[in-house]
Structures are given as structure tokens and as C-alpha cells.
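In our numbering, the protein residues as written are 1 to 223. For each residue, glycine too, the CB sits at the ideal point set by N, CA and C. Report on the structure given below.
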Ligand code: B12
């Protein structure tokens with residue numbers, strides 16, 4: 001394989017062509033050549049998904065393409081996740097993460113979980129289509145210091161406000177960082193929904209949580 005950029009482009013094209021066998025082969029080759037698993041996902045597969053998503057928006061792609069792309073990505077990221085997670089030294093804190101009510105996307109959320117595992121968190125993934133109460137119950141049960149709500153679809157992003165309210169009502173909101181994220185989530189929306197920060201990628205999520213903990217970013221005051 002000639003270069004990293006070349007490899008990432010081939011991965012992107014395999015996703016665009018919905019060619020799962022080729023994607024598998026490219027992942028093997030990438031791993032053999034020492035490529036970073038997270039980079040293969042974020043800079044290879046993700047740009048391919050954007051092309052598929054845009055095609056779906058403009059009527060050139062169908063629901064079946066989203067389903068196939070989702071299955072392919074689920075398999076590929078399932079293979080890579082253990083490699084991303086490895087090496088994390090447990091530091092005694094728990095993150096609870098889930099996808100909010102009305103939304104079933106989970107691939108990105110699982111990558112966020114893997115990155116937090118790699119940073120030493122015990123990650124409790126409560127699943128998809130979860131109510132605000134389920135987030136609050138899990139946060140309380142597991143004494144979470146970080147709660148992450150994934151909201152990929154635009155119409156469900158406001159539901160993150162319900163999660164914040166449930167965390168406040170359960171009396172656990174003051175002792176944690178509440179971070180929201182997903183496709184095209186903005187910091188302004190995060191603030192409006194009572195979250196301390198928004199992350200549009202797994203890397204941004206862990207970076208912002210570390211900054212909030214270190215006091216390099218301020219927590220939301222009016223929860
Ligand atoms: C695969 C896919 C699906 C699969 C999901 C498979 C699965 N189980 O996850 C299926 C087929 C089920 C699906 C269904 C639908 N989908 Co869809 N889907 C996609 C697609 C192609 C890829 C999503 C993905 O996995 N991306 C890869 C991961 C790695 O990226 P990510 O999800 O963005 O996650 C990263 C960040 O967002 C962030 N992040 C994610 N979660 C969290 C959480 C926290 C706490 C933080 C901090 C950060 C964070 O970090 C992640 C890693 O870096 C996207 C297009 C795209 N470009 O993303 C459309 C897309 C998300 N889908 C879309 C739509 C419209 C739908 C449907 C409504 C279609 C329909 N008409 O039925 C349904 C909704 C079903 C539902 N109720 O949820 C739209 C959303 C548009 C919008 N403005 O809301 C998109 C953008 C496509 C498009 N351009 O039109 N979809």
C-alpha cells in the first residue's frame with residue numbers, strides 16, 4: 001500500500017461502494033502496516049458514510065443503503081473497538097452513555113465508549129432509544145461521574161434537555177459532567193439543553209471532558 005492517505009481513500013471508497021469484503025481486507029492491510037484503528041474509522045469510513053448520507057438526503061440512495069452501510073460499519077468498528085479500548089488503565093470513574101429516545105443510531109456512541117474505556121473509565125452503555133429516566137436511574141446506580149447522551153437525529157436533539165432535567169430531579173447532576181453529542185451537534189444547543197459540552201466526535205468528547213475536569217473549560221452554571 002503506497003501511503004496512509006491512499007489507504008484511507010480506499011477505505012472510504014469501499015464504504016461508498018458498500019463492499020464489505022474489500023473493507024475487511026483493507027482493515028487487515030491497514031492493521032498490518034500499523035495504521036491507527038480510530039483514524040481508519042474517523043478519516044476513512046466516516047467520509048464514506050457522509051457521501052452515503054448526502055446521497056440519501058438527495059434521493060440518490062435508499063434506506064437499504066443506510067441499513068447496509070450501518071451493518072458494515074457495525075462489523076468493522078466491532079473488530080476495531082477492542083484495539084481502541086486496549087491499554088486503558090482503570091481510574092475508578094464510571095461513564096454512563098446511551099442514545100436518547102426516538103433514536104436508534106449506536107455506532108458512534110460505541111466508539112465514544114471505546115475512547116473513554118481507553119482513557120480509564122468504566123463505561124456502562126445503556127443502549128438506544130432510552131428515556132430520560134433510564135439515563136438518570138443508570139447514573140445514580142453506577143455513581144457516574146460522566147453521562148453522555150447521543151442524539152444523532154436533529155429532531156431528537158432537544159430530548160437531551162429532558163435527560164438533564166431527569167438528572168437534576170434525581171439529585172445527581174451536580175456531581176457529574178453531562179456531555180451530549182452526535183452528528184452536527186453544536187455547543188449552543190448543548191447549553192440550551194443543560195449540558196456542559198457537546199462533542200461531534202469521540203476525540204472531541206474526551207478532550208472536552210478532560211478540559212472540564214482540569215478547569216480549562218467552565219461547567220454550565222445554570223442547569
Ligand atoms: C448508518 C446510518 C443509519 C443506520 C443506523 C445503524 C445503527 N444501528 O447505528 C439506520 C439504517 C438504522 C439509520 C436509520 C435512520 N437514519 Co441514519 N444514518 C446512518 C449514517 C449513514 C451513518 C451513521 C453512523 O454510524 N456514522 C458513523 C459514526 C462513527 O458517526 P456518528 O454517528 O456521527 O458518531 C460520532 C459523533 O456523532 C460523535 N457522537 C456520537 N454519539 C455521541 C455521544 C456523545 C455523548 C458524544 C460526546 C459524541 C457522540 O462521536 C461519534 C464518533 O466520533 C448517517 C450518515 C452520516 N454521515 O453519519 C445517517 C443519518 C444519521 N441518518 C439519518 C436519517 C434521516 C435516518 C432515518 C430517519 C431515515 C428514515 N427515513 O427512516 C432513520 C432513523 C431511525 C431512528 N429512529 O433512529 C440522517 C439524519 C439527518 C438529520 N438531520 O437528522 C443522516 C445524517 C443521513 C442523512 N444525511 O440524511 N441510519
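Per DSSP, reduced to three states, the secondary structure at residue 217 is coil, with no helix or strand assignment. For residue 125, no alpha helix (DSSP H) run applies; the uninterrupted beta strand (DSSP E) run containing it begins and ends at 122–130, by DSSP.
When the beta-carbon positions are compared, residue 125 and residue 108 stay at least 8 Å from each other. With a beta-carbon spacing of about 13 Å, residue 103 and residue 134 fall beyond the 8 Å limit used to define contacts. If you check the CB distance, residue 147 and residue 72 do not come in under 8 Å. Selection 94, 181, 52 and 46 evaluated against residue 194 yields 181 as nearest (Cα-Cα). Among the bridge pairs identified by DSSP, residue 149 is matched with 98 and 180.
Distance between residue 84 and residue 223, taken at the CA atoms: about 33 Å. Under the 10 Å beta carbon count, residue 158 is surrounded by fewer than 16 other beta carbons and is classified as exposed. Excluding sequence positions up to five before and after residue 12, its CB lies within less than 6 Å of the CB of 44, 47 and 48, all in the same chain and listed in chain order. Beta bridge pairing from DSSP links residue 138 with no other residue. The C-beta separation of residue 150 from residue 42 comes to about 16 Å, leaving the pair out of contact by the 8 Å criterion.
Contact check for residue 214 against residue 170 fails: the beta carbons are separated by 8 Å or more.
Selection 189, 89 and 130 evaluated against residue 100 yields 130 as nearest (Cα-Cα). Here the distance from the Cβ of residue 46 to the nearest heavy atom of the ligand B12 is below 7 Å. With 16 or more other Cβ atoms inside 10 Å of its own Cβ, residue 37 counts as buried.
Residue range 197–199 is occupied by the beta strand (DSSP E) that includes residue 199.
A straight line joining the alpha-carbon of residue 119 with that of residue 69 spans about 28 Å. If you draw a 10 Å sphere on the C-beta of residue 94, you find 16 or more other C-beta atoms in it, and that means buried.
With respect to the 8 Å criterion, residue 144 and residue 96 are classified as neighbours on the basis of their beta carbons.
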